[in-house]
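Okay, so here's the structure we're looking at.
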Amino acid sequence: MFSACLKKEFIEAKRTKNFFMTLGIAAALSLMGLFTVLMLAFLKDYISADQLGEFAVFFQSNYATSFMYFASFMATYFIIVIIIFFCGAISQEINKKQWILPINSGIKPSYLIGAKILSTTLIVVISYIFAALINFVFTILLFDSGGFDVLYLIKNSCFLLIFITFLTIMLVSLNAISKKRWIPVVITLITLIVLTKLLNEIKIGGYTLVSFTPLNFYQIVMASFDEIQQFNMTQWLSMSISTVLISAGFIIWAVSSTKIKAEKTTNFFDKFRKKIKKVKPTV
0 MFSACLKKEF
10 IEAKRTKNFF
20 MTLGIAAALS
30 LMGLFTVLML
40 AFLKDYISAD
50 QLGEFAVFFQ
60 SNYATSFMYF
70 ASFMATYFII
80 VIIIFFCGAI
90 SQEINKKQWI
100 LPINSGIKPS
110 YLIGAKILST
120 TLIVVISYIF
130 AALINFVFTI
140 LLFDSGGFDV
150 LYLIKNSCFL
160 LIFITFLTIM
170 LVSLNAISKK
180 RWIPVVITLI
190 TLIVLTKLLN
200 EIKIGGYTLV
210 SFTPLNFYQI
220 VMASFDEIQQ
230 FNMTQWLSMS
240 ISTVLISAGF
250 IIWAVSSTKI
260 KAEKTTNFFD
270 KFRKKIKKVK
280 PTV
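Sequential numbering of the sequence shown, starting at 0, is according to the working numbering.
Right, here's the structure in full:
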């Protein structure tokens, strides 16, 4: 039954073009990152080193600079695209009564919400991987290593993927929990802007609190090599465990919240049938 719900979600994503639009935008952002590096490398020949100063690092054409621009575009614009496309993924279908027929046909609401979370996450993950492959191939072909190896690109791509996947799960789950479009948008933006900054100010044992949360995966991507070297095994484990536990918590909360909606749907049909029985046929 769950596989049927999942198949229905992919058919719906194909029909509404959400999958292709997400894939296309991710690829476009990846190419924008590459073009930015090429453009800055071209401009570098016309600007003296004294004029560049501390900004010279942004004009280098190597692996690190290429991935930095890729990560910046994906963590900013691609996340905005995810929020716009999927902030009402569940509430929109519920408000349009698209779940009435499946639920009254015997499909559990937990299957519907689980399929929606999984399909949305897979769409985002596939789109990101496609964009990352574009960046990976052209970075190796066009730019110098700059002291970084291919493993550097692979590891940072995986870290950024974890961060974006976590935000997607949180966004869709909050939409299922609240049944509103604006609530997941507000909470996601607060998490990215306010909560991240707040957790960076709180320290425990010499480490900032954000370094033990999923939000730190993006900071690792944008950090320097020396800063990454300072991370110990405890921090890596805590980040990974917290990502799994928080994501699972959102999913479980979202799945359990749909039971109330199923009961309301059933009551609606009961009342409708009672009204029909009260109407007496006229001769």
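For glycine and all other residues, C-beta sits at the position ideal for the given N, C-alpha and C.
Which residue wins for smallest C-alpha separation from residue i, given the options the options?
{"i": "Gly-146", "options": "Ala-70, Tyr-62, Val-185", "result": "Tyr-62"}
{"i": "Met-38", "options": "Leu-141, Leu-22, Met-169, Phe-162", "result": "Leu-141"}
{"i": "Gly-113", "options": "Gly-205, Ser-172, Leu-244", "result": "Ser-172"}
{"i": "Phe-129", "options": "Lys-202, Phe-18, Thr-64", "result": "Phe-18"}
{"i": "Lys-304", "options": "Ile-122, Tyr-110, Ile-219", "result": "Examination of residue 304 is not possible in this model, given that the chain is present from 0 through 282 alone."}
{"i": "Asn-94", "options": "Lys-179, Ser-241, Met-0, Ile-186", "result": "Lys-179"}
{"i": "Ala-88", "options": "Gly-205, Met-238, Ile-139, Thr-167", "result": "Thr-167"}
{"i": "Thr-35", "options": "Met-20, Gly-23, Ser-65", "result": "Ser-65"}
{"i": "Met-73", "options": "Ile-240, Thr-187, Ser-237, Asn-134", "result": "Asn-134"}
{"i": "Leu-33", "options": "Leu-100, Ala-3, Pro-183, Met-67", "result": "Met-67"}
{"i": "Ser-60", "options": "Ala-40, Tyr-45, Thr-75", "result": "Ala-40"}
{"i": "Leu-188", "options": "Ser-71, Gly-205, Gln-234, Thr-75", "result": "Thr-75"}
{"i": "Pro-183", "options": "Cys-86, Leu-100, Met-31, Ser-210", "result": "Cys-86"}
{"i": "Met-169", "options": "Lys-16, Ser-2, Ile-251, Phe-69", "result": "Ile-251"}
{"i": "Met-221", "options": "Ile-79, Leu-28, Ala-70, Met-0", "result": "Ala-70"}
{"i": "Ser-210", "options": "Ile-79, Ser-241, Leu-150", "result": "Ser-241"}
{"i": "Val-136", "options": "Ile-245, Cys-4, Ala-26", "result": "Ala-26"}
{"i": "Ala-3", "options": "Ser-118, Phe-58, Trp-235, Ser-90", "result": "Ser-118"}
{"i": "Phe-1", "options": "Leu-159, Gly-248, Ile-106, Ser-246", "result": "Ile-106"}
{"i": "Ser-29", "options": "Leu-100, Ile-81, Lys-16, Ser-126", "result": "Ser-126"}
{"i": "Gln-91", "options": "Trp-181, Val-193, Val-243", "result": "Trp-181"}
{"i": "Ile-82", "options": "Ser-104, Ala-131, Asp-148, Thr-164", "result": "Thr-164"}
{"i": "Met-20", "options": "Leu-214, Ser-156, Val-80, Phe-158", "result": "Val-80"}
Which of the three DSSP states, helix, strand or coil, is assigned to residue i?
{"i": "Ile-106", "result": "coil"}
{"i": "Thr-15", "result": "coil"}
{"i": "Ile-201", "result": "coil"}
{"i": "Thr-212", "result": "coil"}
{"i": "Tyr-127", "result": "helix"}
{"i": "Lys-260", "result": "Low per-residue confidence applies at Lys-260: pLDDT is 44, beneath 50, and the placement is therefore not dependable, though the value from the model is reported in the following sentence. Correct three-state label for Lys-260: helix."}
{"i": "Tyr-76", "result": "helix"}
{"i": "Tyr-45", "result": "coil"}
Would you mind reading off the limits of the alpha helix (DSSP H) that contains residue i?
{"i": "Cys-157", "result": "149-177"}
{"i": "Trp-98", "result": "Neither: Trp-98 is in no alpha helix (DSSP H) and is coded neither H nor E."}
{"i": "Val-185", "result": "181-189"}
Since residue i contacts residue j with CB under 8 Å, what's their CB separation in whole angstroms?
{"i": "Leu-198", "j": "Thr-212", "result": "6 Å"}
{"i": "Phe-162", "j": "Phe-216", "result": "4 Å"}
{"i": "Ser-256", "j": "Ile-176", "result": "5 Å"}
{"i": "Ile-201", "j": "Thr-207", "result": "7 Å"}
{"i": "Ile-116", "j": "Ala-253", "result": "7 Å"}
{"i": "Ser-156", "j": "Ala-131", "result": "5 Å"}
Please report whether the beta-carbon of residue i lies at a distance below 8 Å from any beta-carbon of chain D.
{"i": "Ile-192", "result": "Of the protein chains in this structure there is only one, and it is not chain D."}
Stretch-stretch touch, CB-based, cutoff 8 Å, three pairs: the stretch 12-26 with the stretch 116-136 | yes
How do the stretch 101-111 and the stretch 0-10 stand: do at least 3 beta-carbon pairs fall below 8 Å, yes or no?
-> yes
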